[in-house]
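So the structure is just underneath, and the comments pick up after that.
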Amino acid sequence: MAAAPIAATAAEVLDSLRAWSEQGLLRHLDTAMARFIATQDANAAPALLAATAVLVQMEGRGHSCLPLAMLVADPNAVLAWPTEALEGLNALWARLPRPLAQWRQALADSPLVRVADSAVDQGQPLVLGGSAQEPLLYLRRYWDYERQVAAQITARSTAALAVDGPTTRDWLGKLFPAAPEPGTCDWQRLACAVALRGRFSVITGGPGTGKTYTAARLLALLFATAPEPERLRVALAAPTGKAAARLKQSIDVSLKELHKSLGGLLDLEALVKRVGAARTLHSLLGARPDTRAFAFHHGRPLDVDVLIVDEASMIHLEMMAALLDALPPTARVVFLGDKDQLASVEAGAVLGDLCRSAEAGHYTAETARYALEAAGVQLPAAYLANDADQALPLAQQTVMLRTSRRFGGPIGQLAEAVNTGESSRALALLHAGTQDGGVLRMREGAPAQTVWQMAVARDAGVVNYQAFAQALAARPPQPMAAEVHTDWVRSVLKAFERFRLLCAVREGDWGVAGINRAVEKALAAQGAISPRGEWYAGRPVMVTRNDTALGVFNGDIGVALPAATAGAGLRVYFMDGPELRAVGVSRLAQVETAFAMTVHKSQGSEFEHTALVLSAHAGSVLGRELVYTGITRAREAFTLLAQAPGLLATAVKSPTLRASGLLRFLEQLAQAAPAASPPQDELAPWLD
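Numbering of the sequence shown is given in the UniProt record's numbering, commencing with residue 1 and proceeding in unit increments.
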């Protein structure tokens, strides 16, 4: 019988971590945090040092905590390292404690770890939360963020506001005049009624399900039922400038159409003027350069009664905590977003956590009663909570829109197949190609030049960067009137927004950097652009850092073009709704060329034709949500370009799961003040 391996020492663990950092398996930051713990706690257990390094690495990948049980049982399930690295990983783990309880005790014994259920708080950098069976290790600030977000959401979700049911039902009948089909539930009406009764609500749904359409009608409903509608302060926001501009445009169009259809019952045009421009979340909160602090916070709240936030899937945990903290206690906040899209780049998957039960509903009898009274909606029995444990306050303020009015064609079918994990169906749809209502194309195992050739080909069969090149070439001769120059700039920006290359990764020939260089070179060969330096006419750029002084924010996209006045040099022009903004190129230091962009950066945008580029070296980045998000950026045509066969199937079979304790906090707060659970027979009058 082989002898048990000798237990690893703290020094040996640190040596292994350093070696893994040098191999690129861990970041140097991950190892540095473990070394910091070792210097501050001379008795730090080897398990604590290993867990700390993995925790920091997990945070860099978007997780807000580390599930300790998973790490103990199978470290590679957490780290997802290549096969050649597993021997060293398994060798170290064989010398660390085997029982989960020993790991948990090793962490709890350190003076640098706060045990969450303990009253002792000495500002430790690490927090051990969760339960004995499912312990979660946190960096302290993420534990604080999750607690703050959960407390805010619970307080706002349980703050029932007085609603005149018959009046609300009458107005919803005017705002949604089309009667629902027999046996169906009008989820849009329900969403408006639900948002009306609480200070927190979530409206989720895929592309074309009418999230902003519903939000516009919610604003009209609030305007119609407010005691003093002329004093209603409304703000619109989104994580990126592009998403904010689209939100404002959609809301304005819907309200103006409603104004006409209501025949003057409500002065919604006045509401449109008072709402003002939509803003990025950083701008709304008053981001300060070189600091995580914002101008608006609990001590200085936002001056707003109603806040509507679009593209909520992009909001990371820290931003959500800051946003909820800055809201006045009396304000309503409504989050719009697709729960199935990619989560934020930074730590947290807040919308995904909040919408974990959205598809199932889990509505109480009281919500069913309210839905019928205030919205005339009968909730189907399938969406009611089976027991009190399912009926979280959050669930009563969450509505999922389920009917897509834009994505019924092949693009929508492809998105649905990917979202449900049906790789064979997705491949069959792509092979079917052009159909009524959309164009699908696929090329697997092709050389990298396939990507840029498709992007600039003059006979591509679908819109590509040739439309952009033609708009650039249509530049009027100098001198030109300001109005003529403005029209030309708008035409260039609109042409560029028709098509986009979306990548899974940044580096390599199949990444953002390589494809940007290749497209730039190809368009130069055609004479469309002349890239003789960093800046040239026709260079599309994406802002990579907020600059409040210039009024540009991370994710904003513009094109460098000559100014109207001859000799005035190049300026970068941005579309701000229907208006143009211009910034001199010398003032924009934090930008990158944007013929290609990551899928993450594309959220909040949509294009007539989207080409999704999958690299064989994408690793764990290549997941179901990434492909789904890329597909749903396309309106009329979608092209998949994969470096190797099988990448799509691999991605579709790999849903992305982020470690989080947010739902646990929400459940604990709900249990602290449980709602009365009515007898099941009381549900009958409100069922189909």
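Note that CB positions come from ideal geometry on N, CA and C, so glycine has one too.
Q) Which stretch, first to last residue, makes up the alpha helix (DSSP H) that contains leucine 201? A) Before going on, a small fix: residue 201 reads as serine here, not leucine. Counting along the chain, serine 201 falls outside any alpha helix (DSSP H), though it belongs to the beta strand (DSSP E) covering 200–204.
**Q.** Limits of the unbroken beta strand (DSSP E) element including arginine 500
**A.** Arginine 500 -> beta strand (DSSP E) spans 499–503.
Q. Between which two residues does the alpha helix (DSSP H) harbouring aspartate 164 extend?
A. Taken as a continuous stretch (DSSP letters only), aspartate 164 belongs to no alpha helix (DSSP H), as it is neither H nor E.
Q) Exposed or buried, what is methionine 33 when buried is set at 16 or more other beta-carbons lying within 10 Å of its beta-carbon? A) buried
Q) Whose C-beta lies closer than 8 Å to the C-beta of leucine 266 among residues of the same chain, with five residues either side of it excluded? A) Ala220, Phe223, Ala224, Leu258, His259
Q: Could you spell out where the alpha helix (DSSP H) holding histidine 485 opens and where it closes?
A: Its alpha helix (DSSP H) spans residues 482–496.
(Q) Please tell me whether proline 380 and cysteine 503 are closer than 8 Å, where the distance is taken between their beta carbons. (A) no
Q) Taking the Cβ atom as the reference point for each residue, do phenylalanine 335 and alanine 312 lie within a distance shorter than 8 Å? A) The Cβ-Cβ distance between phenylalanine 335 and alanine 312 falls below 8 Å.
Q: If I'm right that leucine 66 touches leucine 137 with Cβ under 8 Å, what's the distance once you round it to whole angstroms?
A: 4 Å
Q. Going straight from the alpha carbon of valine 253 to that of valine 272, what length do you get?
A. If you take the alpha carbons of valine 253 and valine 272, they lie about 9 Å apart.
(Q) Out of Gln57, Arg658, Leu236, Val115, which one is the CA nearest neighbour of leucine 29? (A) Out of Gln57, Arg658, Leu236, Val115, Gln57 has the C-alpha closest to the C-alpha of leucine 29.
Q) When the Cα of glycine 198 is compared with those of Val120, Arg332, Asn554, which residue comes out closest? A) Arg332
(Q) Please list the terminal residues of the continuous alpha helix (DSSP H) segment that includes residue 704. (A) Lying before the first or after the last residue shown, residue 704 is absent from the chain, which here runs from 1 to 688.
Q | Beta carbon of leucine 96 nearer than 8 Å to that of alanine 38 | A | no
**Q.** Pairwise C-alpha distance: threonine 209 and glycine 337
**A.** 11 Å
Q: Using three-state DSSP, classify aspartate 576 as helix, strand or coil.
A: strand
Q.
Below 8 Å, how does it come out for the region 622–629 and the region 649–661: are there three or more Cβ pairs, yes or no?
A. yes
Q.
Looking only at its chain, what residues have a beta carbon closer than 6 Å to the beta carbon of arginine 189, apart from the 5 residues adjacent to it on each side?
A. Excluding sequence neighbours, arginine 189 sits near Leu172, Phe176, Ala375, Val377.
Q: Helix, strand or coil for leucine 66, going by three-state DSSP, please let me know.
A: strand
Q) Where does tyrosine 370 sit, in a helix, a strand or coil, going by DSSP? A) helix
Q. Is the region 531–540 touching the region 640–648 in the sense that three or more CB pairs, one from each, lie closer than 8 Å?
A. no
Q.
Quick check on the DSSP output: what are the complete alpha helix (DSSP H) runs of length 4 or more inside the region 129–159, in order along the chain?
A. 140–157
(Q) So, for valine 234: in the same chain, excluding its five sequence neighbours on each side, which residues have a beta-carbon less than 6 Å away from its beta-carbon? (A) Val275, Val306
Q. Would threonine 214 be called buried (16 or more neighbouring beta carbons within 10 Å of its own) or exposed?
A. Threonine 214 comes out buried.
Q. What separation, rounded to the nearest whole angstrom, lies between the Cα atoms of proline 410 and phenylalanine 607?
A. Answer to the nearest angstrom: the Cα atoms are 16 Å apart.
(Q) Ignoring anything shorter than 4 residues, give me the alpha helix (DSSP H) runs that lie fully in the region 249–324, in order along the chain. (A) Scanning the region 249–324 from its first residue to its last, the whole alpha helix (DSSP H) runs of 4-plus residues come out as 268–275, 281–285.
Q: Go ahead and pull the three-state DSSP assignment for isoleucine 37.
A: helix
Q) Which whole-angstrom value is the C-beta distance of glutamine 397 and tyrosine 363, which I expect to be below 8 Å? A) So it is not a contact: roughly 10 Å between Cβ atoms.
Q: Report yes if the C-beta distance between threonine 280 and threonine 240 is below 8 Å; otherwise report no.
A: Threonine 280 places its beta carbon less than 8 Å from that of threonine 240.
Q: Take the Cβ of asparagine 516 as the centre, count every other Cβ of all protein chains shown within 10 Å, and call the residue buried at 16 or more, exposed below.
A: buried
Q. Rounded to a whole number of angstroms, what is the C-alpha to C-alpha distance between tryptophan 686 and glutamine 341?
A. Bear in mind that the predicted position of tryptophan 686 carries a pLDDT of just 32, short of 50, making it unreliable; the figure below should be weighed with that in mind. The C-alpha of glutamine 341 is placed about 33 Å away from the C-alpha of tryptophan 686.
Q | Separation of tyrosine 383 from threonine 610, as counted between CA atoms | A | Approximately 35 Å between the Cα atoms of the pair.
Q) Where threonine 168 and alanine 385 are concerned, what is the direct C-alpha to C-alpha distance, given to the nearest angstrom? A) The straight-line gap from Cα to Cα measures roughly 25 Å.
**Q.** Helix, strand or coil at proline 562 [DSSP, three-state]
**A.** strand
Q) Would you report the Cα separation of leucine 401 and proline 207, rounded to the nearest angstrom? A) 10 Å
Q. Mapping DSSP to helix, strand and coil, what is tyrosine 363?
A. strand
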